[in-house]
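Input: a single structure, listed below in structure tokens.
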Amino acid sequence: VQGEVIEQSFGEEHLCFRTLQRFTAATLEHGMHPPISPKPEWRALMDEMAVVATKEYRSIVFEEPRFVEYFRL
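Counting in the numbering used here, the sequence shown runs from 317 upward without gaps.
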């Protein structure tokens, strides 16, 4: 929970209890449904996506001459 949201989630007693209920329920539900182990083909696809995404990111950040200018506007 980030600082600006603390008041929204815990500022009043009834909000505090509701937030606690939500966090507790989510934690228990997660514990009852362990994550699925990724299949080898999923890992291969994610590796390929990571390579493509890294290449595109670097092309924008390091090769696009207008990149820094865009953020100075």
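All C-beta atoms in this analysis are idealised placements derived from N, C-alpha and C, irrespective of residue type, glycine included.
- About 12 Å separates the beta carbon of F387 from that of I376, a gap too long to meet the 8 Å contact definition.
- Non-local C-beta neighbours of Y373 in its own chain, meaning closer than 6 Å and more than five positions away in sequence, are absent.
- The alpha-carbon separation between L331 and P381 amounts to approximately 49 Å.
- H330 carries a helical assignment under DSSP once its states are collapsed to helix, strand and coil.
- Secondary structure at I352: coil, using DSSP grouped into helix, strand and coil.
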